[in-house]
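Chains as they are written, first to last, in my numbering: chain D, 3 to 509; chain R, 960 to 1058; chain H, 32 to 673; chain U, 5 to 264.
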Amino acid sequence: MTNLPYLSMLILLPLIGSLLVFAIPAALGAVRIKSVALGFSLLTFALFVLAGLQFELGTDDQFQLTENYEWIGAFGVSWSVGVDGLGLVMLGLVSILVPVVLLAAWRDVTDEAAGKFFALVLMLQSFVTAVFVATDLFMFYVFFEVMLIPMYFLIGRYGNADRRKAAVKFLIFSLVGGLVLLAGVISVWVQSIQITGFGSFDLEYLANLDLSVESQRWLFAAFFFAFAIKAPLVPLHSWLPDAAGSSSPAVAVLLIGILDKVGTYGMLRFLLPMFPEASVELAPIALTLAVLSIFYGAVMAIGSRDMKRLMAYVSISHFGFIVLGIFAFTTQGISGAMFYMLSHGLSTAALFLAAGYLMHRTSSSKIDDHAGAFQTTPLLAGFILFGALSSVALPGLASFIAEFTVLLGTFARYPVLAAVATLGIVVAAVYALWLYQRTMTGHPSDAVTGIKDISGREVIALSPIVALTIALGFVPQPAFDILNPTSAKVMEQVNQVDPEALIEGGN
Amino acid sequence: MDVTNYIILSAILFSIGAVGVLVRRNAIVMFMSIELMLNATNLAFVAFARANGNFDGQVVAFFVMVVAAAEVVIGLAIIMAIFRTRKTASIDEANLLRA
Amino acid sequence: MRYSFALEAISPSLTNQVATGSFANLWLLIALPLFGALVLLLGGNRTNSFGPLLAALMPIASFGFAVYLWLELLALPEELRSQNLILFEWINIGSFQVPFGLQLDPLSMSFVLLITGVGSLIHIYSLGYMDHDPGKRRFFGYLNLFVAAMLLLVLADNYLLLYVGWEGVGLASYLLIGYYQHKPSAAAAAKKAFVVNRVGDVGLSLAIMLMFVAFHTVTFAGISDKAEQGSATVLFLIGLFLLVGAAGKSAQVPLQSWLLDAMEGPTPVSALIHAATMVTAGVYLIVRSNSIYDLSVAAQNAVIVVGVVTLLAGAFIGMAKDDIKKALAASTMSQIGYMVLAAGLGPIGYVYAIMHLLTHGFFKAGMFLGAGSVMHAMNDEVDMRKFGALRAVMLITFGTFFVGYLAILGVPPFAGFYSKDLIIEAAFDRSIIAGIATLLGAGITAFYMSRLILMTFFSNKRWEDDAHPHESPATMTIPMILLAVGSVASGYLLTFNDSLKHWLAPVTGYKTPEPPIAIPVLIAMTLTTVAIGVAIAIRMYLRQADRVAPTNVSIFTKAARKDLYGDAINEAVFMRGGQKVVNGTTTVDNSVVEGSVRFIGRITLGLSKIIRATQTGYTRNYALAMLLGASLMLLLAAIVRL
Amino acid sequence: MSLVFAISATLAVAGALGMLLSKRAVHSALFVALTMISLAVLYLQLSAPFLGMVQIIVYTGAVMMLFLFVLMIVGVDSSDSLTETLRGQRVAAIAVAVALGLLLTSSIGGAVIASGNSLDSTIAGGNVQAIANLMFGKYVLALEVTAALLVTAAVGAMVLAHRERITPKLNQREQQQARFADYALTGKHPGPLPPSGVYARHNAVDTPALLPDGSIAANSVPAPLQARGSVREVDQVDSQQIVDLSQGNVVIEGGDDGRN
């Protein structure tokens, strides 16, 4: 069991499922097609659990479950995969969210379109998995771009009236970022040849490359630009509200919960290890953008009249926290940022899917159309409140642990910046509770009168998310046990140590 | 053996072929011009083969001929198809690529 | 005897013991009400029938266990009375290590007894009060959730876990204030409470972060070990941040504005959360952080200033309120101001702060329940101007309320006399100004409480036509009676033989105050002030009160009616300002960010329009372009070779 | 410069220019054939006898004949005109082509490096064997691919040239109905077009039929001939005779069977 190529299988299994679902004739019935898709996603989850059981804590190797096959020998490109703590956690997030999203979106699309929709989701899962396990920069880049294709169709075909425009905007932004990234990737490769005499895209080889600070700066700029579009940081964010606002809730969850994580993931996996000196030197820029994003996103969320746009802006704010933690260069900050990536995926799913249930019932995403929905859908109101509180980082939920550790880690190095960022939790309370107040309380509006409360299927789809969010809020340490070696490794790669305690006489 | 003359001849034929492509409107005549250009390059190949003293140039010329033959077949078929729908062999009439 | 002069000064002497025996089951205290909350909230409508009863049983069970643990604790020698139970490793990242640990020491024990005791009574009361409410299962679920969170707050052995309980009670408070979801005012009040509390949370968060940065620990034990090594600035800042947190939760100026609005919730909630327990969490936090405050006089001074301002502001607002619950809420604010002030006095005041907190828990909860009983009788009317002469129809309610009234006034031998007078003495010890303020506060309290009780139970009948007041059922009156008993006896019991001092001093330390004025003189001064307040009220309200509030009132009354313009300031500065920021950002996003994206798009479109002109569709044009390109490339090659 | 080269080169250029300048496509094709043959001679001259033969067989023999076939099918139309319709195209084309020719001459012509060894000396078993060795050795993959290309091209040509019937074939009755419906709508003559040479001295296809008033029936000459402008003039005498005949002034002997 131990020597199976788990990671390649995790990439291939959903892809096979996707092709199979594509191939099933529609005449067989939408329910069967959907069941096959869901089955594949559950199978993938099972495979992930098996793979996770092979993962060992406390080993010296950075990457585990590694595989390495030659791909394009002439350029030193290989199909090389492996996971460390961060990769494993992201894989877990993907494996959990996809079945949840499929189940939640069971009736979001018409029966004729269901097969293609579900197949595209599975395809996306495959590509995103490849991104998260690639330890070869070229392979990472390829899947970084390829995953846009299913996403483009998911936004452009299954959203509201503005979906096509939004999909094109999403694609153009991503492609611009990807193009700059490509330039960076090629440049790294060329420089690696100049320095060592042979070119390779292997991560470890590139991380040990002795790049000059000058070229590191340029490469940092290129990589950071691409990842900041994906993450997204203000002012490169404007595609996200459109994309999330125009797509169906399930797609928005995949987009924000998983796809955007590639940006912050890329920062930790490639940006910091490959360009450590430049990262430390240019961190203030990243931190400034991060704090800007936190407040900008939160303020825009308050000003939003559309639920999905609001949630998209909330996510921009949250990505600000993640980037803040990454560039604080403390163990707590980086571990917290990685934990944030996990918890943000969960809280996004909780809020988006629950709100999606409501929007599906009223066929409107305008906040003002919903009022007093509590009277007709008390259970759904509970889930929406849970989602809102989760995005507020209420203590006792996973998002609190994440946000607090990020702020704590930042505070240790940049107290003023962290203090300013902490003020963001007040603004967060305003947007989240105001959303709840405007949608759930008061006298029922016409739109919500007579709608049905949440169904059993919908509860089942959301329960794992809710359970995980609470469980990780009280028992986060298993996740930190997995993540801490990664943050220690990153700290070592950027050559930073945690600040000492301030007390007189040392620690 | 001075092959420069052959090269010059080849260039002249190529240029005349190019002018043919650019100024003649009859698709069939245009096609003949293209054939002429291909032949001009063939001549250059053969001349180079002679100059370099090996047969590779001749083999390439041979392949060019084969490809040209295939191309003529397809090209003429296309011209016939166009003629059938538009009742003309004028290349200017087939301007659907206009932006 | 109120003082034992043998008790001069005690310094904190407890060290944590690993919990064994029955203390190892400490977690049950929290788990019981949490279990109740989970059953009721997850069980759905199936639990409608037995849910409320189950919910009421849970805090009672917790209370029983708490009493048992209390007796166990009493049996231990003084220095072993801090039991520390570490359940599991909570967070461990590098040097940031936080256990999921509970700590039971005399301070938290006092709170546990108060919370579970008063909590149980209010659960029982609610069985009667909420009897007709169709959604009461949810209500009881929230109540249980609150009790669990509050217990976690006081039992946590570190600041981060305290924070979890802190927010848990905030959440429960939010849910309960907004319990009447269909009322927009309730929803707005709930949100306001949460948001204002969040401002306080920022303070608490920053305090915890600073503690970690300074000391690399956030446990109470760790902080008190290392606090002495901290620099003055760090200690002051931690104290200040903690104060912000405490001000948010305890409705202290400038974060007081949410408490009066919070009265939108059902009355038992006001009694339990917004009078007896949650709002005192700030006092708990300050007393718990005594190791920080003892080392920073500047931080103590900040606490004192906040306490003084709040006690006066609350009393001032209380004078003008016609809404019975809001008047009581203003009074709560003021009384907590006393506690905070006392907590700011250091070892002199900690014990008194807690003592006042406990007695206040009894009499204020009792009065709130009384107010609830009145409202229950008057079709949920809260305007005192529509009450009057109720003492005859609601004898038990009036009796219990009157006991509470005497207690809050500080009439001997009721509970408030012991606790409040001690605070006044301690305040004089620190500063004359603070002392005078407390004295003044006592007088104003006497005035507005007399006004309240006169307008409600005495004076002329001003009822609405459809009002048929009647005494409340036993489930409601019994808790009121029990709380009244507490209001009478608690003060004496807590001071008898210096019991509370001996009990708490190992945690907080103690020092006897030495006010510049002789203590009997002070007592006389206090009682005189109170008597003056009562007299004015009787003169104004005993006979007759207007059915409609007069409008030609002084500027001070107007200010008090408007909560001293707290909301107006909030609205002008934060809401309007916030709105402007939101609008501004939205405009920037639309014009600058989106605008630049659109601008790039437009440039691209324009360029493509120009280039499109070259796409004539004529094959021969394309061929020409191709040939031109080939020629240029050749030319380039030729040039490069040259 | 050998005499053979001088003659062949002259002929080749003349053929090329002829193709470029002749108005009729058929003439162009014949001129190209001339160029091809000249090139074949040049190949022989360049020690490539095999290619020379292939050139004659494939190009002159097959390709150019295919052109002629297609020309016959397509016929002639206005595209044969030599007047330029695209503004500036002719001038630009000539300028660019001249520039290209010069550039090619200067760059490629200068790049020739003579190795000095003659082809004849390297031939082991003659030219054909040498080429065969290369083709079935070094270039065997290209050869296979070319084979595939040829097959594909053959299939492709069939697909393109084949006309798929997309409407059901009309029977005579339906054709008749359609024709009269057309007449009702557009006034198009329902009967057959007038045959050429009716009432005329000649019955050649380029002779137009004449209407009873002596004027020309425009439809009686096939369109390609009209497009080419080769419609025969009508004699004045002929038309006058027709007018006379139609007015009964003249009676033709032997043509009176059952008429009058």
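Cβ atoms here follow ideal geometry from the backbone N, Cα and C, with glycine treated the same way. As the structure is a prediction and not an experimental result, all values here were calculated from the model.
* **Under 8 Å by beta carbon: chain R residues contacting H:T647** => N1054, R1057, listed in chain order.
* Asked: Applying the criterion that 16 or more other CB atoms from any shown protein chain within 10 Å of the CB defines a buried residue, is U:Q251 buried or exposed?
  -> Counting the other CB atoms within 10 Å of its CB gives U:Q251 a total below 16, which places it among the exposed residues.
* Between the Cα of U:V225 and the Cα atoms of U:L48, U:V235, U:P216, which residue gives the shortest distance? -> That would be U:V235, whose Cα lies nearest to the Cα of U:V225.
* Is U:G259 close to chain R, meaning its C-beta is less than 8 Å from at least one C-beta of that chain? -> Here the model assigns U:G259 a pLDDT of 48, short of 50, so the residue's position is not dependable and the matter cannot be decided.
* **Ranges of the alpha helix (DSSP H) found wholly within the region 271-318 of chain H, counting only runs of at least 4** => As far as the region 271-318 of chain H is concerned, its whole alpha helix (DSSP H) runs of at least 4 residues are 288-292, 298-302.
* Asked: At a CB-CB cut-off below 9 Å, which residues of chain H make contact with U:A97?
  -> Ordered by position in chain H, the residues that pass the 9 Å Cβ test against U:A97 are R651, A654, L655, L658.
* If contact means a Cβ-Cβ distance below 8 Å, which residues of the region 98-113 of chain U contact chain H? -> Those residues of the region 98-113 of chain U that come within reach of chain H (Cβ to Cβ, closer than 8 Å) are V100, A101, A103, L104, L107, L108, S110, S111.
* Would a check of beta-carbon distances place H:E198 closer than 8 Å to chain D? -> Yes, H:E198 lies at the interface with chain D (some Cβ there is under 8 Å from its Cβ).
* Figure out for me which residue from H:E412, H:L193, H:S450 has the closest Cα to the Cα of H:T250. => The shortest C-alpha separation from H:T250 is found at H:L193.
* Near H:A361, what residues of its chain come up, given a Cβ to Cβ distance below 7 Å and the 5 sequence neighbours on each side ignored? -> These residues qualify, in order along the chain: L291, G345, I348, G349, K352.
* Taking C-beta to C-beta, are D:G444 and H:A218 nearer than 8 Å? -> Yes.
* So what does H:L133 bridge to, in DSSP terms? -> Bridge pairing for H:L133: H:L116, H:A187 [DSSP].
* Asked: Whose Cβ in chain H lies nearer than 8 Å to the Cβ of R:L981?
  -> Those within 8 Å of R:L981 in chain H are R651, A654, L655, L658.
* **Residue nearest to H:A408 in terms of C-alpha spacing, selected from H:A644, H:A498, H:Q128** => Checked all of H:A644, H:A498, H:Q128; the closest Cα to H:A408 is H:A498.
* Asked: Just checking my contact of H:V371 with H:V314 at CB under 8 Å: how many whole Å lie between their CB atoms?
  -> Going by Cβ atoms, the distance from H:V371 to H:V314 rounds to 6 Å, so yes, they are a contact pair.
* Exposed unless 16 or more other CB atoms sit within 10 angstroms - verdict on H:G52 -> Counting Cβ neighbours within 10 Å, H:G52 comes out exposed, since fewer than 16 surround it.
* With DSSP collapsed to three states, give me the class of D:E72. => It is a strand residue.
* Asked: Could one say the Cβ of D:G452 lies closer than 8 Å to chain H's Cβ atoms, at least one of them?
  -> For D:G452, no Cβ of chain H is located within less than 8 Å of the residue's own Cβ.
* Apart from the five residues just before and just after H:V413, which ones in its own chain have a Cβ nearer than 7 Å to its Cβ? -> So the list reads D354, I355, K356, M406, once near-sequence residues are dropped.
* **Members of the region 1041-1052 of chain R near chain H, C-beta cut-off 8 Å** => Result list: I1050, D1051.
* Using alpha carbons as the reference points, say which of H:F177, H:W197, H:M181 lies closest to H:L206. => Closest by alpha carbon: H:F177.
* So which residues on chain H does U:L25 lean against when the C-beta distance must stay under 9 Å? -> Result: empty, since nearest Cβ-Cβ is about 17 Å, beyond 9 Å.
* Asked: Does at least one heavy atom of the ligand FAD sit under 7 Å from the Cβ of D:A292?
  -> No copy of the ligand FAD appears in this structure; indeed no ligand is present at all.
* To do: Using a Cβ-Cβ cut-off of less than 7 Å, list which residues of the region 1010-1027 of chain R approach chain H; keep chain order.
  => None of the residues of the region 1010-1027 of chain R has a beta carbon lying less than 7 Å from any beta carbon of chain H.
* Asked: Could you give the uninterrupted runs of the beta strand (DSSP E) lying entirely in the region 341-367 of chain D, keeping only those of 3 residues or more?
  -> Taking only runs of at least 3 residues, no beta strand (DSSP E) segment lies wholly in the region 341-367 of chain D.
* Chain-ordered neighbours of H:S327 on chain D, where CB pairs are closer than 7 Å -> Residues of chain D passing the Cβ test: none, with the nearest at roughly 15 Å.
* Asked: Hey, out of D:W73, D:V85, D:A481, D:A430, whose CA is closest to D:S295's CA?
  -> It is D:A430 whose Cα lies nearest to the Cα of D:S295.
* Asked: Quick one: what's got a C-beta closer than 7 Å to D:Q218's C-beta in the same chain, skipping five residues either side?
  -> Around D:Q218: F277, E279, A280.
* Examine chain U for any beta-carbon lying closer than 8 Å to the beta-carbon of H:A669, and answer yes or no. => Output row for H:A669: interface = yes.
* **Beta-carbon proximity list for H:T46, same chain, < 6 Å, skipping 5 on both sides** => Result list for H:T46: empty, nothing under 6 Å.
* **Residues near H:V442 by beta carbon distance below 7 Å, same chain, minus five either side** => Result list for H:V442: F448, in chain order.
* Would you mind listing the beta strand (DSSP E) stretches within the region 73-97 of chain D that are 3+ residues and don't spill past its ends, in chain order? => Unbroken beta strand (DSSP E) runs of no fewer than 3 residues, entirely contained in the region 73-97 of chain D, are found at 79-85, following chain order.
* Asked: Is it the case that the Cβ atoms of H:G466 and H:I455 are separated by a distance below 8 Å?
  -> Taking a C-beta distance under 8 Å as the contact criterion, H:G466 and H:I455 qualify as a contact pair.
* To do: Using a Cβ cut-off of 8 Å (strictly closer), state whether H:A644 contacts chain U.
  => It does not; no Cβ of chain U falls within 8 Å.
* Could you check the C-alpha separation between D:M3 and D:L14 for me, to the nearest Å? => For D:M3, the predicted structure reports a pLDDT of 48, less than 50, and the residue's modelled location is therefore unreliable. The matter cannot be settled from this model.
* Among D:V23, D:F272, D:L355, D:P101, which residue has its Cα nearest to the Cα of D:L382? -> Checking every option, the nearest Cα to that of D:L382 belongs to D:L355.
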